[in-house]
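Report on one structure; see the data block that follows.
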Amino acid sequence: GDSVTQTEGPVTVSESESLIINCTYSATSIAYPNLFWYVRYPGEGLQLLLKVITAGQKGSSRGFEATYNKETTSFHLQKASVQESDSAVYYCALGALNQGGSAKLIFGEGTKLTVSS
Amino acid sequence: DPKIIQKPKYLVAVTGSEKILICEQYLGHNAMYWYRQSAKKPLEFMFSYSYQKLMDNQTASSRFQPQSSKKNHLDLQITALKPDDSATYFCASSQSPRDTQYFGPGTRLLVL
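If you're matching them up, the sequences are chains A and B in order. According to the working numbering, the first sequence is numbered sequentially starting from 309. According to the working numbering, the second sequence is numbered sequentially starting from 4.
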């Protein structure tokens, strides 16, 4: 089936250190999957962090990057130097558009990141 | 100003009762969605609407009924509430089903 698996949290990283949150997906019934990272800061709703719709392409936002790798079915989130303000829950998601024209997102479990100063 | 409004923010209900979760979007989008996140589980897709028509329903129970009175509204009626319905319910919208979905802040429901 279609699913997303990401790094199990919580994850704690010191400020200015690098970060990688792993995300792998299975898209057996989706012809052209889109991949997303959403973020939920404390007390707020989900926000789109970045999106990539084409395999082989990289998305970036706010210093975060993720590359859509079709061969390894991965979409890992990376940042070279994290800040305390990056503390949040990060969700990897797979976008599916079916032949009937309806769409849905399939989410991973979420990874809670705490950046310590 | 918030572009997707969900009301209420928190909701406590008793088992067997009925509640309506409100969602309004002011992004001019044509597609709207409901997702649910129960404790320790991923966000789970429930419904999608496009131009006020139901496109997909992946909720097994008929106790969950979306209601679209206006193009920018998609409320969620839940009847015969059970403790297992306790979750945060997120509304989302997109310009079209092909476009990026934007989420509301969620309604946190607790069923006692």
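Built from N, CA and C at the ideal position, the CB exists for glycine as well.
Residue 15 of chain B and residue 113 of chain B have their C-alpha atoms spaced approximately 5 Å apart.
For residue 69 of chain B, the enclosing beta strand (DSSP E) starts and ends at 67-70.
Put simply, the segment 395-409 of chain A touches the segment 329-348 of chain A. At least three CB pairs are less than 8 Å apart. Around residue 415 of chain A, the beta-carbon contacts reaching into chain B at under 7 Å are 45 and 46.
In the three-state DSSP reduction, residue 393 of chain A falls in the helix class (H, G or I). Note on residue 101 of chain B: under 16 other CB atoms within 10 angstroms of its CB, so exposed under the neighbour-count rule. Note on geometry: alpha-carbon atoms of residue 80 of chain B and residue 106 of chain B lie some 19 Å from one another. Partner residues in the beta bridge of residue 22 of chain B, as assigned by DSSP, are B:81. DSSP, reduced to helix, strand and coil, places residue 59 of chain B within a strand of the structure shown. Under DSSP, residue 374 of chain A takes part in a beta bridge, and its partners are A:367 and A:385. Residues of the segment 47-78 of chain B with a C-beta less than 8 Å from any C-beta of chain A: 47, 48, 51, 53, 58, 59 and 61, listed in chain order.
Spanning the alpha carbons of residue 63 of chain B and residue 425 of chain A requires a straight line of approximately 45 Å.
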